[in-house]
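Read in order, the letters of the sequence shown are residues -19 to -1, 1 to 754 in mature numbering (1 follows the signal peptide of the UniProt record, and there is no 0).
C-beta: ideal position from N, C-alpha, C; glycine also.
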Amino acid sequence: MSLCSPLVAILLLAPSIQSSAEGTFRSTMAKWTVFIVLFLAVLLLTISRLRFRRITQLVDRALGRKQVFWRRLIMNLCMLIALAMVVFMHDDPIYSAFLLVYALYAVLAVSFGNLQIPAAALRVVLALVRLIPHNYYGDGDDTIGDKTNLAPSLNIFYGMVLGQGILYLVACTLDIFTFIPRRSIARHGGFEGQLGMESINLYHGYVLEKCMERDALAPKKISLSSFAMDSLNSDSPRMQLHGIRLMHNLLQTEPAKTQLLAKLTTSANTSARLINMLDWTHPRNTTIRLFAAKVTAELAKGLRVVTTPGLIQSVSALLDCGNKVRGRGNPLMDTDDEQEAMHDPVLNVSDNHEERCIAVPDSGNLLETQDRSTQQVGTTEQSSEEEPLAETDQDLLPALAMSILYNLAGCDQSNCEEIIRSTGLIPKIIRFTAYRRSDANYTDSQGKVLVTSSLQLLHRLTSINGEIGIMLRHKVSKHAFLLRNLTKILKDCTSSQESRKLVAGILRNLAVDGNTRQEIGCIQVVITRLMQEFLSLGRPLATHADHVLQKVAGQALAMLAMESVHNSSVILNETGHVFIKELTTMIHDDRYRCVAASLLRSMCLHARPELDESDLQAISYSVREVLERIMNAEGAELEILIGLSSEICKVIPEDFARELEHGYIKDRFVKRLVDVLNANMEPSAHYPGIRRVIIQQAINMMEHDPCYASCFGNCRMVEAVSMVEETASKAENYSIFLGDVGLMEHREPLTSLVVRVKQLLAVRPIQQPSIST
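So this is what it looks like as structure tokens:
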């Protein structure tokens, strides 16, 4: 029923009041009084639906929070009174009875929602009226000869009308029961509420229309995704809302999600319309914009920005939602007339909080890092029949914008290039890492969601490989307030475990750059908090998340300690020499072995003068475990362990040699080194320095005791080193690789080490150490 239909129905009563005879009511004035009361009531309800602000406020105050219920009740009562006036206004009882029967029939037909039923019944009645009497000629028989074929023709005609009427009745009757599959679709598809059922009803009408347009034998399979896309491309705001909500619902389940995403990817017009909706800032389009952001977040997992112009700019605009008045800056730069308010279509659409608030239902789908919010979000221009605008704190437009960027960054590196090119985008993302912002209208729970979203996005951006990753990390790290914000999150005891893990991961990723590594190492509180998370002293690790946080914190410390004397010294002095003992214990744990070995190697390499006797003794106890692990390890773990054993050999050479001799593994250890050297003649991006650490190990052993030269010579080390010299690669001068880009270049090239080890191998002692078997 259209908006003005009740008002038109009331107005049509006026002519009947004017021409009716007196008798049903006491006077014509009484009839007009009832008519005017009905007219004013329906007029007010109709105007309130037109969303004029003042009238809307009056209606809201009069009807309260149950305004939808009272509006429908009053409107239905008015219609019933109007119907009663039509029936009982006339004096003739037969005419009134006829009107009553007709009114009841009309109500019954309308209640079925299909006016084709009375039309079909009328066809059947008219056909039977002519077929049963079968009198087509009238009373006179003079002209029967001229009407020989009239009866058969009319029989055929009325038979066709009767058949058509019966078919329509059957079709209409079956249509009544379509509520069963429609409710089933709504239940299984998650289409809840009045809008959900209305969407299914529109889909039913859409399918019926499409079937009527096609041939009888044409395939009739019309999917919900096709209807959603057609609705999205329509010019009707109501159909656009249903289309975007249908898309959102379809994206919640498989295989509908896969089918819809495939269609959206291949439909340039629909994708362009969807992206365009992100720029609809008018308050009446807030709900459409919100669901468009949700759908775009899913679509972004397989979207390339170069094929969708304007996407990054639209997403960047979403990040500005929720800002308050721009704060004052430097008093020497700002003037009073430059203070302009920025309004948010979600949070700041009305000065009256009660007017724009709609209670948020318990949806049960929040992340564990989010608190259940009792916060109410709405809009003045949003119809009260619509469902709440934001079901959870996740539905904030900036959070959805960061979700879109997160998925875009994970889809294709060309998308990351567009993110880099977008002016001001990365600073906007970093702005949300501020744990307590004074320039935004967000509750505590909303602020935590935005912080987590920004940390997740920054973690992904700083994890990108290749040249693009280097540019992204540089652009992120040069932000003046990033490290301050990350430090505050680490310091805050109320911050979630997920947030602390993400901060540790971001610091780890940024530490691959030497300048940033030194800058982070100068922030004492960062080292302190990372050490606390890594060592977990006095704190049980009960869950998998606890172990993940501990490992990521250790990785951040390992990256900070690499190639940095200052950071290694700060880390070592943080716990008062308990650190070395903890590291030697962690080497026995498969989960932390690589992290602990890398940190222990950095301590031996860069903080050797600060290691006391207890530290050296703890390291000595770990030698056997390291040597045994080298015998079985492979890949990157083997590289890290050999690097550690090389530094241990340099720090405590006597203890290292004693462990080789007393453990009867000298021969196996030397042979293992040579075998690994021969097996890795081509460098790998996963462990580029394995040949370097093997050669460094051999150098340290032979510098301590030249007798080891004979052991290496007996295992054909000279030939292996010669092959290394011939196949030396620039890739082996880097500590790690991210993609195809090497980072942390060594000061001494591999060729210099090869020359040194060949010189040591050329020195043969007079008495060679015996090789036990």
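In chain order, which continuous runs of the alpha helix (DSSP H) of length 4 or greater are located wholly inside the stretch 228 to 256? 237 to 247
Less than 8 Å between the beta carbons of A414 and S435, yes or no? For the purposes of this step, residue 414 is identified with residue 433 of the sequence shown, where counting begins at 1. For the purposes of this step, residue 435 is identified with residue 454 of the sequence shown, where counting begins at 1. Position check: residue 414 holds Thr in this sequence, whereas Ala was assumed. For T414 and S435, yes; Cβs fall inside 8 Å.
Does DSSP classify Y139 as helix, strand or coil? Here residue 139 is taken as the residue at index 158 of the sequence shown, counted from 1. Looking at Y139 - three-state DSSP - the assignment turns out to be helix.
Apply the 10 Å Cβ neighbour rule to M698 and answer buried if 16 or more other Cβ atoms are within range, or exposed otherwise. Translated into positions along the sequence shown, residue 698 becomes position 717. By the 10 Å Cβ count, M698 comes out buried.
I'd like to know whether the C-beta atoms of L299 and A274 end up nearer to each other than 8 Å. As a working note, residue 299 is residue 318 in the sequence shown. As a working note, residue 274 is residue 293 in the sequence shown. Yes, Cβ-Cβ distance for L299 and A274 is below 8 Å.
What first and last residue would you give for the alpha helix (DSSP H) that runs through G723? Start at 1 with the first residue of the sequence shown, and residue 723 comes out as number 742. Element bounds for G723: not the alpha helix (DSSP H) but the beta strand (DSSP E), V722 to E726.
If I680 and L741 are in contact, beta carbons under 8 Å, what's the gap, nearest whole angstrom? To locate residue 680, count along the sequence shown from 1; it is residue 699. To locate residue 741, count along the sequence shown from 1; it is residue 760. 6 Å between Cβ atoms; contact.
Roughly how many whole angstroms lie between the Cα atoms of K739 and V702? Sequence index remark: in the sequence shown, residue 739 carries index 758 (1-based). Sequence index remark: in the sequence shown, residue 702 carries index 721 (1-based). Whole-angstrom Cα-Cα distance: 7 Å.
DSSP-derived helix/strand/coil call for S716: The count along the sequence shown starts at 1 and reaches residue 716 at position 735. DSSP places S716 in strand when its eight states are reduced to three.
Out of curiosity, what's the CA-to-CA distance linking C392 and R285? Counting from 1 along the sequence shown, the entry for residue 392 is found at position 411. Counting from 1 along the sequence shown, the entry for residue 285 is found at position 304. Computed Cα separation, rounded: 8 Å.
Taking contact to mean 3 or more Cβ pairs, one atom from each stretch, closer than 8 Å, check whether the stretch 593 to 604 and the stretch 545 to 552 are in contact. no
Hey, would you say N388 sits closer than 8 Å to A542, going by beta carbons? Looking up residue 388 in the sequence shown gives position 407. Looking up residue 542 in the sequence shown gives position 561. Taking 8 Å as the Cβ cut-off, N388 and A542 do not qualify as a contacting pair.
I need the DSSP call for L693, collapsed to helix, strand or coil. Taking the first residue of the sequence shown as 1, we reach residue 693 at position 712. The sequence given here has Phe at residue 693, not Leu. In this structure, F693 counts as helix in the three-state DSSP scheme.
Distance cut-off 7 Å: E448 Cβ against heavy atoms of the ligand SAH: Absent from the structure shown: the ligand SAH. Ligands present: none.
Selected residue, minimal CA-CA separation from N496, among V484, I451, M512 and A485: For the purposes of this step, residue 496 is identified with residue 515 of the sequence shown, where counting begins at 1. N496 has its Cα closest to that of I451, out of V484, I451, M512 and A485.
What is the DSSP secondary structure of L259, counted as helix, strand or coil? As a first step, residue 259 must be located in the sequence shown, where it is residue number 278. L259 falls in the coil class under three-state DSSP.
Say whether the stretch 512 to 526 touches the stretch 458 to 466, bearing in mind that this needs 3 or more beta-carbon pairs closer than 8 Å, one atom from each stretch. no
Are G502 and H547 close, meaning C-beta to C-beta below 8 Å? Start at 1 with the first residue of the sequence shown, and residue 502 comes out as number 521. Start at 1 with the first residue of the sequence shown, and residue 547 comes out as number 566. For G502 and H547, yes; Cβs fall inside 8 Å.
Burial state of E349 (16 or more Cβ within 10 Å): On the sequence shown, position 368 is the one that residue 349 refers to. In this predicted model, E349 has a pLDDT of only 31, less than 50, meaning its place in the structure is not dependable; the value taken from the coordinates is given anyway. Classification for E349: exposed.
Let's test the definition: count the other Cβ atoms within 10 Å of the Cβ of C192 and tell me whether it reaches 16, buried, or not, exposed. Your numbering for residue 192 matches position 211 in the sequence shown. By the neighbour-count rule (16 or more Cβ atoms within 10 Å), C192 is not buried but exposed.
Return helix, strand or coil for F560, following the three-state DSSP convention. Here residue 560 refers to the residue found at position 579 of the sequence shown. If DSSP states are grouped into helix, strand and coil, F560 belongs with the helices.
For a quick check, are the C-beta atoms of I675 and V657 less than 8 Å apart? As a first step, residue 675 is located in the sequence shown; it is residue number 694 there, counting from the start. As a first step, residue 657 is located in the sequence shown; it is residue number 676 there, counting from the start. Result yes, Cβ atoms of I675 and V657 sit closer than 8 Å.
Measuring alpha carbon to alpha carbon, tell me which residue in V604, L205 and T288 is nearest H643. For the purposes of this step, residue 643 is taken as the residue at position 662 of the sequence shown. For H643, the nearest C-alpha among the options comes from V604.
Can you tell me whether S295 is buried or exposed, with buried defined as 16 or more other CB within 10 angstroms of its CB? For this step, residue 295 is matched to residue 314 along the sequence shown. Buried is the call here.
Counted within 10 angstroms of its Cβ, other Cβ atoms place I256 as buried (16 or more) or exposed: In the sequence shown, counting from the first residue as 1, residue 256 sits at position 275. Classification for I256: buried.
Name the two residues that bound the continuous alpha helix (DSSP H) containing A537. As a working note, residue 537 is residue 556 in the sequence shown. Looking at the DSSP string, the run of the alpha helix (DSSP H) that includes A537 is H525 to A542.
Counted within 10 angstroms of its Cβ, other Cβ atoms place I269 as buried (16 or more) or exposed: For the purposes of this step, residue 269 is taken as the residue at position 288 of the sequence shown. Buried, because 16 or more other Cβ atoms sit within 10 Å of the Cβ of I269.
Tell me the rounded alpha-carbon separation between V651 and C692. For the purposes of this step, residue 651 is identified with residue 670 of the sequence shown, where counting begins at 1. For the purposes of this step, residue 692 is identified with residue 711 of the sequence shown, where counting begins at 1. Whole-angstrom Cα-Cα distance: 7 Å.
Can you tell me whether M10 is buried or exposed, with buried defined as 16 or more other CB within 10 angstroms of its CB? Residue mapping note: residue 10 aligns to position 29 of the sequence shown, counting from 1. Exposed: under 16 other Cβ atoms inside 10 Å.
Measure how close the beta-carbons of S395 and V287 come, nearest whole angstrom, since I'm counting them as under 8 Å. Within the sequence shown, residue 395 is the residue found at index 414, counting from 1. Within the sequence shown, residue 287 is the residue found at index 306, counting from 1. Rounded, the Cβ-Cβ distance is 6 Å, consistent with contact.
Three-state class that DSSP yields for residue 823 in the structure shown: The chain is shown only over -19 to 754; residue 823 falls outside these bounds and no answer can be derived.
Measure from the alpha carbon of H727 to the alpha carbon of each residue in D636, F718, V735 and N714, then state which is nearest. Indexing the sequence shown from 1 puts residue 727 at position 746. Per the Cα distances, N714.
So, at 7 Å on beta carbons, what are the nonlocal neighbours of E606 in its own chain, with the 5 sequence-adjacent residues on each side left out? Indexing the sequence shown from 1 puts residue 606 at position 625. Hits under 7 Å: I568 and H569.
Classification of P379 by the beta-carbon crowding that lies within 10 angstroms, buried from 16 upward: As a position in the sequence shown, residue 379 is number 398, starting the count at 1. Per the 10 Å Cβ criterion, buried.
Alpha carbon to alpha carbon, how far is A102 from P133? Give it in angstroms, no decimals. Position 152 of the sequence shown, counted from the first residue, corresponds to residue 133. Position 121 of the sequence shown, counted from the first residue, corresponds to residue 102. Their backbone Cα atoms lie some 24 Å apart in a straight line.
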